[in-house]
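Trainee: Quick one: the structure is below, and I'll ask about it shortly.
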Amino acid sequence: MALNRWGLNKKTKVGPVSDWIRQCAPKSMEEWRQCYFEKCKQHFHQHEPKEYLEELGKMLYKKIKNVVLQEIKSVSLEDCVKYIEDLVIKKTFEGYGREIETVRGLEKELGISIQPAPDEWDRRYNVDYYIEISGKCIGIQIKPSSFKHAPLSHKWTESQRKTHEEFQKKYGGKVFTVFSNGEKGKKKLHNLEVIEEIRREIERLKSSSNLNS
Numbered sequence: 001m002a003l004n005r006w007g008l009n010k011k012t013k014v015g016p017v018s019d020w021i022r023q024c025a026p027k028s029m030e031e032w033r034q035c036y037f038e039k040c041k042q043h044f045h046q047h048e049p050k051e052y053l054e055e056l057g058k059m060l061y062k063k064i065k066n067v068v069l070q071e072i073k074s075v076s077l078e079d080c081v082k083y084i085e086d087l088v089i090k091k092t093f094e095g096y097g098r099e100i101e102t103v104r105g106l107e108k109e110l111g112i113s114i115q116p117a118p119d120e121w122d123r124r125y126n127v128d129y130y131i132e133i134s135g136k137c138i139g140i141q142i143k144p145s146s147f148k149h150a151p152l153s154h155k156w157t158e159s160q161r162k163t164h165e166e167f168q169k170k171y172g173g174k175v176f177t178v179f180s181n182g183e184k185g186k187k188k189l190h191n192l193e194v195i196e197e198i199r200r201e202i203e204r205l206k207s208s209s210n211l212n213s
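Mapping the sequence shown onto my numbering, position 11 (from 1) lands on 11, and the numbers just tick up by one.
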């Protein structure tokens with residue numbers, strides 16, 4: 001919550017981590033750590049990555065110290081630095097692993113290739129992946145099922161609706177949000193009905209292309 005409040009987890013602070021990890025496609029957390037540090041050094045030219053994350057941790061500590069005085073005794077500077085690094089390295093890698101599992105499951109169900117979306121699509125349209133059909137694109141956004149119950153989720157839903165409509169106007173296909181569950185190390189779709197909805201959209205775009213050809 002503190003990170004959201006002060007924007008310390010925004011792309012302007014930690015870089016576009018979702019886009020970077022898809023580009024790197026790491027097999028291990030250590031591989032992702034090295035890749036992130038390289039990307040971070042290129043992106044924030046004046047900073048050494050390790051020191052930069054430490055600086056963000058110090059910023060978080062100062063914010064907590066100044067704003068949440070009653071809790072400061074239980075939070076140390078070391079806690080804040082470790083939290084920032086865990087967020088950028090560990091949590092991003094774990095989220096990427098869940099995302100890839102979900103995408104592979106969708107590809108198997110749909111029998112079609114799903115590609116990572118450009119970072120611009122993530123920022124502008126809230127689209128993580130896409131399916132290209134006859135020169136048009138279907139957008140896919142992946143979220144954990146717990147996201148639906150997060151605070152202010154109704155505002156998120158309205159914001160997504162608008163950006164997804166903009167995507168459809170420009171690229172021709174609808175955007176579908178896929179919610180995934182974690183069960184015993186496996187990812188399962190929470191909203192299974194979305195598979196059939198995507199199938200129908202694929203057929204719609206194919207039919208539209210045939211009519212126009």
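We treat Cβ as the ideally placed atom computed from N, Cα and C, and that holds for glycine.
Please read all numbers here as calculations on a predicted model, not as lab measurements.
Under the three-state reduction of DSSP, which class applies to residue 184: helix, strand or coil?
Mentor: Annotation note: pLDDT 44 at residue 184 (below 50); position unreliable, coordinate value reported separately. Residue 184: coil per DSSP, three-state reduction.
Trainee: Alpha carbons only, please: which of 26, 160, 54 and 37 is nearest the one belonging to residue 100?
Mentor: Nearest C-alpha to residue 100: 26.
Trainee: Is there contact here, the segment 81–88 with the segment 98–116, by at least three beta-carbon pairs under 8 Å?
Mentor: Contact between the segment 81–88 and the segment 98–116 is absent, because fewer than three Cβ pairs lie under 8 Å.
Trainee: Hey, how far is the Cα of residue 90 from the Cα of residue 14?
Mentor: Going from the Cα of residue 90 to the Cα of residue 14 covers about 14 Å.
Trainee: Quick one: any contact between the segment 119–127 and the segment 188–201, if contact means 3 or more CB pairs under 8 Å?
Mentor: As far as the Cβ criterion goes, the segment 119–127 does not touch the segment 188–201, which means the pair count is below three.
Trainee: Does the segment 129–146 touch the segment 24–43, meaning 3 or more C-beta pairs lie closer than 8 Å?
Mentor: Result no; under three Cβ-Cβ pairs closer than 8 Å.
Trainee: Using 8 Å as the threshold, is the C-beta distance between residue 60 and residue 40 below it?
Mentor: No; because the gap between Cβ atoms is not below 8 Å, this pair is not in contact.
Trainee: According to DSSP, is residue 10 part of a helix, a strand, or is it coil?
Mentor: Correct three-state label for residue 10: coil.
Trainee: Could you tell me if residue 180 is buried or exposed, where buried requires 16 or more neighbouring beta carbons within 10 angstroms of its beta carbon?
Mentor: That one is buried.
Trainee: What is the residue span of the alpha helix (DSSP H) that residue 41 lies within?
Mentor: Run containing residue 41: 29–43, per the alpha helix (DSSP H) assignment.
Trainee: Alpha carbon to alpha carbon, how far is residue 201 from residue 165? Give it in angstroms, no decimals.
Mentor: Their Cα atoms are separated by approximately 14 Å.
Trainee: Give the straight-line distance between the Cα atoms of residue 134 and residue 172, rounded to the nearest whole angstrom.
Mentor: Using only the alpha carbons, I get a separation of about 10 Å.
Trainee: Would you mind reading off the limits of the beta strand (DSSP E) that contains residue 132?
Mentor: Here the beta strand (DSSP E) through residue 132 covers 129–133.
Trainee: Determine, using beta carbons only, whether residue 168 and residue 178 come nearer to each other than 8 Å.
Mentor: Contact flag unset, no.
Trainee: Quick one: grab the DSSP three-state call for residue 205.
Mentor: Looking at residue 205 - three-state DSSP - the assignment turns out to be helix.
Trainee: Work out the CA separation of residue 203 and residue 56 for me, nearest whole Å.
Mentor: Approximately 47 Å, taken between the alpha carbons.
Trainee: Just verifying my parser: in three-state terms, what is the DSSP assignment at residue 75?
Mentor: The answer is coil: DSSP assigns residue 75 none of H, G, I, E or B.
Trainee: Considering only their Cβ atoms, is the gap separating residue 112 from residue 129 smaller than 8 Å?
Mentor: No; because the gap between Cβ atoms is not below 8 Å, this pair is not in contact.
Trainee: How far does the alpha helix (DSSP H) with residue 105 in it reach, from first residue to last?
Mentor: Unbroken alpha helix (DSSP H) run through residue 105: 92–110.
Trainee: Per DSSP, residue 137 forms a beta bridge with which residues?
Mentor: Partner(s): 132 and 172.
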